[in-house]
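Below: the structure, in structure tokens.
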Amino acid sequence: MKYSKVGKGKIYLGDTKDIFPKIAEDRFVIITDPPYNIGIKYDNYNDNLPSDKYKSLFSIFHNYRAAIIQYPEETMEFIVPELGIPNKVLTWCYNSNISRQFRLISIYNMIPNLNNSKIPYKNPTDKRIKKLIASGSQGTRCYDWFSDIQLVKNVSKEKIMVEKNSKIVPVHPCQIPIKLIQRLIAICTTKEDIIIDPFMGVGATAIAAESMGREWIGIELSPMYCKLTTERVKEWRTYVDLKFMDTLVF
Ligand SMILES: C[S@@+](CC[C@H](N)C(=O)[O-])C[C@H]1O[C@@H](n2cnc3c(N)ncnc32)[C@H](O)[C@@H]1O
222 MKYSKVGKGK
232 IYLGDTKDIF
242 PKIAEDRFVI
252 ITDPPYNIGI
262 KYDNYNDNLP
272 SDKYKSLFSI
282 FHNYRAAIIQ
292 YPEETMEFIV
302 PELGIPNKVL
312 TWCYNSNISR
322 QFRLISIYNM
332 IPNLNNSKIP
342 YKNPTDKRIK
352 KLIASGSQGT
362 RCYDWFSDIQ
372 LVKNVSKEKI
382 MVEKNSKIVP
392 VHPCQIPIKL
402 IQRLIAICTT
412 KEDIIIDPFM
422 GVGATAIAAE
432 SMGREWIGIE
442 LSPMYCKLTT
452 ERVKEWRTYV
462 DLKFMDTLVF
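Per this note's numbering, residue 222 is the first one in the sequence shown, and the count goes up by one each step.
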């Protein structure tokens, strides 16, 4: 199968349903933020599929280790009927101007090790915290819900913006934070694994894996998103927070 190589990764341009079954191997750990089927406007994907068609996107991931990010209702309606009850569910909470303020991360066929990620101290200049940091502590314990990572908003440094008809607009409607994927890589994978995102978008998983020195694969329908991911992976240092990375064991 044709792919382009960048850093420690490979990018496949095309449909996951065709590509994933042909390249799948036991070393794969799927870490993905799939389309949510809620009518979001992507470059060349219709995010409004009939339920059965949407559900079938996930059937190819059966028996693979996977961490799948979704809203709670959609997790229950589409992911669980297709892949069964997850081994573990993590909850990612964030501030937003809509009523939905959390997503579930359904973990399949593996047990995450939460000890591999710490929640960064909120007040690192506090005297007592300074002492803890000096003694080697990078943060507090990570529980199975966390709220220290915010959404990528249009004003976020991480968001890719372009000028279109004299307006500054986002290139991709729903980038996921790189830190979230870095945390999932730290708690769900080992150095021997290959991290695969079958719905790569503009490459949060690719950048997270590259920054952590891991082998990775991305699959994406849009040539434009593939091109942007390639450029971003080459410059991954500008997109990651090295201080946050100190809180991870990987
Ligand atoms: C929610 S976005 C992923 C965003 C990504 N996490 C990021 O931060 O950039 C889902 C992506 O899946 C892609 N996609 C949808 N169906 C696909 C398919 N069948 N095969 C490959 N890519 C697909 C869409 O084009 C979209 O970019």
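Just so you know, even glycine gets a beta-carbon here, dropped at the ideal spot from N, CA and C.
Following the DSSP letters along the chain, one finds Y275 inside the alpha helix (DSSP H) bounded by residues 272-280. Annotation note: the segment 439-463 contains the following uninterrupted alpha helix (DSSP H) runs of length 4 or greater, listed N- to C-terminal: 444-455. For the pair of segments examined, the segment 359-373 was found to touch the segment 335-342: the number of CB pairs separated by less than 8 Å reaches three. In this structure, the straight-line span from the alpha carbon of T346 to that of K352 is close to 10 Å. Of the residues I332, K229, Q371, the one whose Cα lies closest to the Cα of P307 is I332. Of the heavy atoms belonging to ligand 1, at least one sits nearer than 6 Å to the Cβ of L442.
If you ignore the 5 residues before and after K229, its C-beta comes within less than 8 Å of the C-beta of A430, E431, G434, R435, E436, W437, all in its own chain and listed in chain order.
Take H393, set aside five residues on each side of it, and the residues of its chain with a beta-carbon closer than 6 Å to its own are G422, V423, in chain order. According to the DSSP assignment, L353 belongs to the alpha helix (DSSP H) that extends over 348-355. Under the DSSP definition of a beta bridge, S327 partners with I289, V310. Distance from the Cα of P271 is smallest, within the candidate group I289, F299, L442, for F299. In the structure shown, the three-state DSSP call for N267 is strand. Around the beta carbon of T468, a 10 Å sphere encloses 16 or more other beta carbons of the protein chains shown; the residue is thus reported as buried. Rounded to whole angstroms, the gap between the alpha carbons of I252 and T411 is 13 Å.
Taking C-beta separations shorter than 6 Å and ignoring five residues to either side along the sequence, the partners of S225 in its chain run I232, following chain order. Following the DSSP letters along the chain, one finds D418 inside the beta strand (DSSP E) bounded by residues 415-418. Non-local beta-carbon contacts of N344 in its own chain, meaning distances under 8 Å to residues more than five positions away in sequence, involve I350 in chain order.
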